Amino acid sequence: MMRTFWPAVSLLALAACSDPATPVDEADTSQSDASVEAETEDMDQTASFEDSELILPLPESTSTEITAEDIGTRVATLADDAYEGRGPGSEAGENSALWIAREMERVGLEPGGENGGWFQTVGMVEQTLDESASGLTINGLSSGEPMELTLKEDAVLWTKHQDETELSFNDSELVFVGYGVVVPEYDWNDYEGLDVEGKTVVMLVNDPGFARGTDDLFNGRAMTYYGRWTYKFEEAARQGATGAIVIHETEPASYPWEVVRNSWSGAQADLVRGDGGASRTTFESWITRDVAETLFSDAALDFEEQKAAAMAPGFEAVDMGDLTVSGNIVQTVDTMDSRNVVGVLPGTERPDEYVLFTAHWDHLGKKSGERTGAPTEDFYQDDIFNGAVDNATGSAALLEIAEAMAAEEHPRSGLFVSVTLEESGLLGSAYYADNPTVPLNQIVAGINMDGMLPVGRTKEMVVVGYGASELEDILEAKLEAQDRVVEPDPRPEAGSFYRSDHISFAKKGVPMLYADGGIDKRDGGIAAGRAAADTYTAQRYHKPMDEYSEDWNLEGMVEDVTALYEVGLEIINSDEWPTWYEGNEFEAARQASLAEADGE
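At position 398 of the sequence shown (counting the first as 1) the number is 618 in our numbering, and the numbers step up by one without a gap.
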């Protein structure tokens, strides 16, 4: 296993980062006392921060008001080809994090990271599959011939094992486990009485509630955490399976196969794990619906009938006949460091109470050889995944709010965290939540910004995870002044509440608001807004075409960012502690956290 330090990253390195970051499995969330050594390290970091060179310059000037011009300038910079898609751990990607830190400094924030600096080190590994030497083969078909799956076309394949460069698995029996979930609170266990040691589990995406489409199962069509692919792979590992395969379908996944292909091919990032990933399954994979239908048919199983059975209480797993899977993984494993960027606006009266603002700076980086769309169109031939909407927009919004906040003094402190590794499973925010630079029970509330679409002005803002906390009441009042309203997420089945960084803090009890612009455009109505959103998902989301254009209409984004700023402004200037609505799934965690702060 090779340890890699990119030149620009080493310039940024915190003094404490000369050693590998503490594995997340063993992370100690306590903060150490200052020492002579730490003071020396602080000086080293300050020097490296001052001496480091930016790839792209900071804006010459920006306004303390939230403006379309400033948002456009910041999005255009962060989505520039020079940052090569902001891949975590890469030289260009980490330089974009440096740019954000310098912008925080320029607009008036103070460093809030480790050892008095701007950064929190996030130890990561980057695993890259050698597709020419790796593969999946299905055996035991009625034809007697093996079925070799073509990577990217039929399947994607990877492993979470970090301490091996070659792995193999032979004739692992396939078993269909429905949705692959174990949920005691819903009295649901797809693994009931099942021993999957040595076997490979095959699972549907999303959860039974989505499939049933009624409110009497799970959370109805609104995806629960158990519908997330991350959970499914983790549960398969807990059950002792050798492999885990998720069947892709566009509607329950909420994105097409191209998103799967682009997201899970090329270099894959993860946090440094204490066990080197040994507790995970040997391999993880997605397959297309077409492949799944072929396999089920060969096993004398009707795919649609099995789907229907899987959404009914009491479902029992089904062996897939004589089908087995064999394969091998050849990969390179690089260990490196990425960074969360942390800035603070100190409060004047209660500086130990914080209002949190989050956005992720990372995207998918550069994937050599990736080509999507018509071969004669140069725009579609790019191999840089710029991530303009996802999430240069949220990063720009974070800086806009920071600059507006810093123009005045406030009783409470503002905490601005630009996290890494969101695209790899919300890893940067999870690391920060496990290793906070300030105690989480001192964070009054938080606002997350991710993927703001430039569709122009809308009549509403959509609250993802609607009905969660009193932050929605504050937002509703701010929108009323804009002649707008709050609307619930129109597509809760997409599970967006579990797909962005706010969830890392919510699970710890911190009340979080995740709201975005609506689709009911003032110019064109719902039809125009839905068309714009669908076009983005189909043509740009997690594709090289997510690029900034000077033709973007940023008027709606200005209103959205202003509304979120005003929500934060009310909280930072008050002594109130907004909380979760009674009965919310995160209410108990918050109560326990605050009780700990009170010494109960």
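By construction, the Cβ of each residue, glycine as well, lies at the ideal position given by its N, Cα and C atoms.
Predicted model, so just to flag it, every value in this text is computed and none were measured.
For residue 530, DSSP assigns no beta-bridge partner whatsoever. The continuous stretches of alpha helix (DSSP H) do not include residue 277, and DSSP gives it neither H nor E. Under the three-state reduction of DSSP, residue 358 is assigned to strand. Taken in chain order, the complete beta strand (DSSP E) segments of 3 or more residues contained in the segment 458 to 509 are 463 to 467, 487 to 491 and 503 to 507. The bridge partners DSSP lists for residue 800 are 689.
Under the DSSP assignment, residue 297 falls in the alpha helix (DSSP H) whose first and last residues are 288 to 298.
Shortest Cα-Cα distance from residue 556 to any of 616, 518, 541 and 488 involves 488. The criterion of a C-beta distance shorter than 8 Å is satisfied by residue 389 and residue 546. Under a 10 Å Cβ-count criterion, residue 705 is classified as exposed, with fewer than 16 other Cβ atoms of the shown protein chains found around its own Cβ. Between residue 587 and residue 490, the C-beta spacing is not below 8 Å.
A Cβ-Cβ separation of about 14 Å leaves residue 660 out of contact with residue 721 under the 8 Å criterion. In this structure, the beta-carbon distance from residue 812 to residue 729 falls below 8 Å.
Note that the C-beta distance between residue 576 and residue 635 is below 8 Å. Its Cα nearest to that of residue 742, the residue 773 stands out among 773, 506 and 494. When DSSP reads this structure, residue 331 sits in a beta bridge with 563.
Apart from sequence neighbours up to five positions away, the residues of its chain that approach residue 453 with a beta-carbon distance below 6 Å are 464 and 504, ordered along the chain. Residue 777: member of the alpha helix (DSSP H) spanning 775 to 792, first to last residue. Following the DSSP letters along the chain, one finds residue 816 inside the alpha helix (DSSP H) bounded by residues 807 to 817. Residue 630 places its beta carbon 8 Å or farther from that of residue 578. Annotated as proximal: residue 544 and residue 391, with beta-carbon spacing under 8 Å.
In summary, residue 674 is buried, with 16 or more beta-carbon neighbours lying within 10 Å of its beta-carbon over all protein chains present. Residue 343 is bridged by DSSP to 557. Judged by beta-carbon spacing, residue 606 lies within the 8 Å limit of residue 767, meaning their Cβ atoms are closer than that value. Within the segment 364 to 399, the complete beta strand (DSSP E) segments at least 3 residues long are 367 to 369, 375 to 378 and 386 to 396, listed from N- to C-terminus. Nearest to residue 360 by alpha-carbon distance, out of 299, 542 and 744, is 542. Annotation: residue 686 to residue 717 spans about 9 Å, alpha carbon to alpha carbon.
Around the CB of residue 713, 16 or more other CB atoms lie within 10 Å, so the residue is classed as buried.
For residue 527, the CB contacts under 8 Å within the same chain, skipping 5 residues up- and downstream, are 424 and 431 in chain order. If you compare the alpha carbons of 670, 524 and 386 with that of residue 552, the shortest gap goes to 386.
Judged by beta-carbon spacing, residue 694 lies beyond the 8 Å limit of residue 805, meaning their Cβ atoms are not closer than that value. Between residue 733 and residue 667, the gap from beta carbon to beta carbon is short of 8 Å. For residue 625, the uninterrupted alpha helix (DSSP H) segment begins and ends at 614 to 625. Within 10 angstroms of the beta-carbon of residue 581 lie 16 or more other beta-carbons, which makes it buried. If you ignore the 5 residues before and after residue 617, its C-beta comes within less than 6 Å of the C-beta of 669 and 781, all in its own chain and listed in chain order. The continuous beta strand (DSSP E) containing residue 635 extends over residues 632 to 639. Residue 665: member of the beta strand (DSSP E) spanning 663 to 668, first to last residue.
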